[in-house]
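Engineer:
Residue numbers (this note's numbering): 8 to 336.
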């Protein structure tokens with residue numbers, strides 16, 4: 008593992024979202040090993056070794072007045088399909104100012120990808136899921152971190168990665184012995200292709216989503232929260248009326264013509280084979296790179312996705328998180 012420590016005041020990071028951003032606090036860029044995963048089943052068992060290795064990086068953002076003699080709580084965070092955006096960074100700063108260390112993952116910048124909107128194949132969801140698990144393993148024994156207070160967080164694609172890292176069979180497969188997130192924070196995750204075996208972490212699972220989201224629909228997230236709580240879990244969802252994807256973002260509500268709407272998709276994950284399937288069309292192949300787009304387009308459609316700020320609820324998740332963070336620290 009190569010570590011580049013940047014502790015100078017007002018240093019300039021090489022990360023894409025930071026190209027013009029200066030920092031008045033220490034940051035640290037860390038390179039570590041991951042894989043490019045194609046097919047959820049290839050996260051498991053011997054299949055994992057068939058997937059290409061790749062070096063990725065993330066950036067630690069330290070609190071103001073950082074004390075190296077202390078152990079700090081940590082949030083490991085990942086962005087959505089447009090890479091890091093300004094409203095994501097606002098949350099990261101909110102978390103950092105609450106006296107957390109923040110580890111910003113860079114699954115796209117590490118692979119020279121700008122966006123997956125309308126593609127969803129150049130960096131797959133299972134790749135970001137795997138990156139997040141490797142980030143946990145990377146920092147689990149870091150002496151600066153209180154590893155009983157490591158939380159996962161993500162937006163859209165990153166929220167999906169956060170959600171699947173709460174699935175216990177995946178934790179058993181990928182996490183270091185004893186390693187686990189203490190909670191999961193998700194903004195408009197894709198509650199799609201969920202496992203047909205509901206074995207979820209019983210730690211805090213918090214979702215923020217617009218009721219009218221037609222990019223990553225809210226209804227399956229609502230159903231999942233109910234299932235988790237029936238099994239004794241600690242799941243919660245903030246559901247914002249008349250709000251769409253990125254209800255907390257800087258842009259006004261608008262059509263995203265290249266984005267896929269998943270509102271009509273009923274995909275599932277077979278908990279035994281670990282393969283994604285469509286109960287209504289079991290011949291579809293989600294593991295073959297050449298056939299995956301065809302499989303997606305059997306239920307997902309372009310030209311319908313709306314996304315953008317909700318005038319009424321734009322700041323609602325920030326306000327909710329402000330009340331939640333002291334309970335996590």
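Ideal Cβ positions, reconstructed from N, Cα and C, are used throughout, including at glycine.
State the start and end residues of the unbroken alpha helix (DSSP H) segment that holds residue 105.
Structural biologist: Element bounds for residue 105: n/a, residue is neither H nor E.
Engineer: Looking only at its own chain, which residues have a Cβ that is under 6 angstroms from the Cβ of residue 109, when we skip the five neighbours before and after it?
Structural biologist: Result list for residue 109: 68, 82, 99, 102 and 103, in chain order.
Engineer: Span of the beta strand (DSSP E) holding residue 245?
Structural biologist: Counting along the chain, the beta strand (DSSP E) containing residue 245 begins and ends at 241–247.
Engineer: What first and last residue would you give for the beta strand (DSSP E) that runs through residue 211?
Structural biologist: Counting along the chain, the beta strand (DSSP E) containing residue 211 begins and ends at 211–217.
Engineer: Flag this pair as yes or no: are the beta carbons of residue 169 and residue 159 separated by less than 8 angstroms?
Structural biologist: In this structure, residue 159 lies closer than 8 angstroms to residue 169 by Cβ.
Engineer: Quick check on this structure: which residue in 140, 188 and 137 has the alpha carbon closest to the alpha carbon of residue 157?
Structural biologist: Considering only alpha carbons, the answer is 188.
Engineer: Which stretch, first to last residue, makes up the alpha helix (DSSP H) that contains residue 171?
Structural biologist: Run containing residue 171: 164–171, per the alpha helix (DSSP H) assignment.
Engineer: Check for me: the alpha helix (DSSP H) holding residue 132 runs from which residue to which?
Structural biologist: Segment 132–146, the alpha helix (DSSP H) holding residue 132.
Engineer: Just to confirm, are residue 337 and residue 268 a CB contact at a threshold of 8 angstroms?
Structural biologist: With the chain represented from 8 up to 336, any question about residue 337 goes unanswered, as that position is not in the structure.
Engineer: When we look at the beta-carbon of residue 128 and count the other beta-carbons within 10 Å, is it buried (16 or more) or exposed?
Structural biologist: That one is exposed.
Engineer: Roughly how many angstroms separate the alpha carbons of residue 87 and residue 122, rounded to a whole number?
Structural biologist: So the alpha carbons of these two residues sit roughly 9 angstroms apart.
Engineer: Would DSSP call residue 235 helix, strand or coil?
Structural biologist: Residue 235: helix per DSSP, three-state reduction.
Engineer: Less than 8 angstroms between the CB atoms is what I'm expecting for residue 217 and residue 195, so what's the real figure, rounded?
Structural biologist: Their Cβ separation, rounded to whole angstroms, is 7 angstroms, which keeps residue 217 and residue 195 in contact under 8 angstroms.
Engineer: Specify, as a first and last residue, the run of the beta strand (DSSP E) that residue 62 falls within.
Structural biologist: Taken as a continuous stretch (DSSP letters only), the beta strand (DSSP E) holding residue 62 covers 59–68.
Engineer: Hey, residue 177 and residue 278 are a contact pair by Cβ (cut 8 angstroms); roughly how many whole angstroms apart?
Structural biologist: 11 angstroms between Cβ atoms; not a contact.
Engineer: Using DSSP with H/G/I as helix, E/B as strand and the rest coil, what is residue 268?
Structural biologist: In the structure shown, residue 268 sits in a strand (DSSP, three-state: E or B).
Engineer: Around the C-beta of residue 193, are 16 or more other C-beta atoms found within 10 angstroms, so that it is buried, or is it exposed?
Structural biologist: So residue 193 ends up on the buried side.
Engineer: Looking only at its own chain, which residues have a Cβ that is under 6 angstroms from the Cβ of residue 198, when we skip the five neighbours before and after it?
Structural biologist: The answer, listed in chain order, is 227, 228 and 231.
Engineer: What's the call for residue 62, buried or exposed, on a 16-neighbour Cβ count within 10 Å?
Structural biologist: Per the 10 Å Cβ criterion, exposed.
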